[in-house]
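Heads up, the sequence shown is in this note's numbering, so the first residue is 167 and it goes up one at a time.
In what follows, a structure is listed as structure tokens, so that the remarks can point back to it.
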Amino acid sequence: QRQAAWEAAAEERASLERQAQALTLLQSRFHEAQSRLANRYSEPLREAIGPYLATLATTPLQPLLAFDPQQGFQDLQLRQGSEAYSFDRLSGGMREQMAAAVRLAMAELLKPAYGNVLPLVFDDAFTNSDRQRQNGLKQMLLHGIDQGIQIVLLTCHSDDYRSLLNDVQKNPPEVVGGTERNLVTLH
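Right, here's the structure in full:
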């Protein structure tokens, strides 16, 4: 009787070990598939952000981000050289510029799904950006225009963007409702 109980217990143990191995293999395959899915979504966006960031600095800036199927894109970071800075650690102006680069890159990637017409609105989006970065911001917006993104720029500081308007050979900013709030459409 003890021998039979021992054999039954050994058989149950072997069965549980096979189940544990199967579950371990299943978990491993799930994590591999999840990683491939994350890369499938994050890699094109990361690659599209790069050229926008290149307009902002003389040293290469690389975006880092992760994609979680449950939570979407997360862990946005900016790498400069060997240092990586989380989005929270960036200055207010750099956060604005990074956010603009992400938005422009997303619009670039989504544009084909919307008949190649996807307007992107910036409403005083660069109020914290340093004056010395204005040229880089203009180059970033011009890159978006070159990619076929329609950009609507709302600003209280139209003089900061007049040269951008000249670059795309558009009319000067419109006066909306007789006020100095300017609507600048770049395409």
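Glycine is no exception: its CB is placed at the ideal position from the N, C-alpha and C atoms.
Given the structure is predicted, the values throughout are model-derived calculations rather than measurements.
Residue i burial status per 10 Å Cβ neighbour count (16 or more: buried)
i: V283; result: exposed
i: P210; result: exposed
i: F288; result: buried
i: A170; result: exposed
i: G343; result: Caution is warranted here: a pLDDT of 39 is assigned to G343, below 50, making its placement in the model unreliable, and the coordinate value is therefore given only provisionally. When all chains shown are included, G343 counts as exposed.
i: A273; result: buried
i: S181; result: exposed
i: S252; result: exposed
Contact check, residue i vs residue j, beta carbons under 9 angstroms
i: G247; j: T225; result: yes
i: L219; j: Q228; result: yes
i: L222; j: A267; result: yes
i: P235; j: A204; result: yes
i: L308; j: F292; result: no
i: D333; j: Q300; result: no
Start and end residues, beta strand (DSSP E) containing residue i
i: F288; result: 285–289
i: G238; result: 238–246
i: I311; result: Here I311 belongs to no beta strand (DSSP E); instead the alpha helix (DSSP H) covers 300–312.
i: L320; result: 316–321
i: L227; result: 227–234
i: A250; result: 249–252
Residue of the options minimising C-alpha distance to residue i
i: G216; options: R297, G259, Q263; result: Q263
i: G238; options: R255, Q200, E213; result: Q200
i: A271; options: N332, L189, E213; result: E213
i: G258; options: L303, E274, N294; result: N294
i: L275; options: E198, L192, G310; result: G310
i: R269; options: Q193, M306, S252, Q185; result: M306
For residue i, the first and last residue of its enclosing alpha helix (DSSP H)
i: S181; result: 168–220
i: S329; result: 328–333
i: R269; result: 258–276
Same chain, Cβ closer than 8 angstroms to residue i, neighbours up to 5 away in sequence not counted
i: E178; result: none
i: L230; result: R212, D241, L242, Q243, L244, R245, A250
i: S329; result: K304
Own chain partners of residue i with C-beta closer than 6 angstroms, once the 5 adjacent residues on each side are dropped
i: Y207; result: F233
i: M260; result: none
i: D296; result: G259
Other residues of its chain near residue i: CB distance less than 7 angstroms, five sequence neighbours each side excluded
i: K277; result: L284, G314, I315
i: L256; result: L244, M264
i: Q167; result: none
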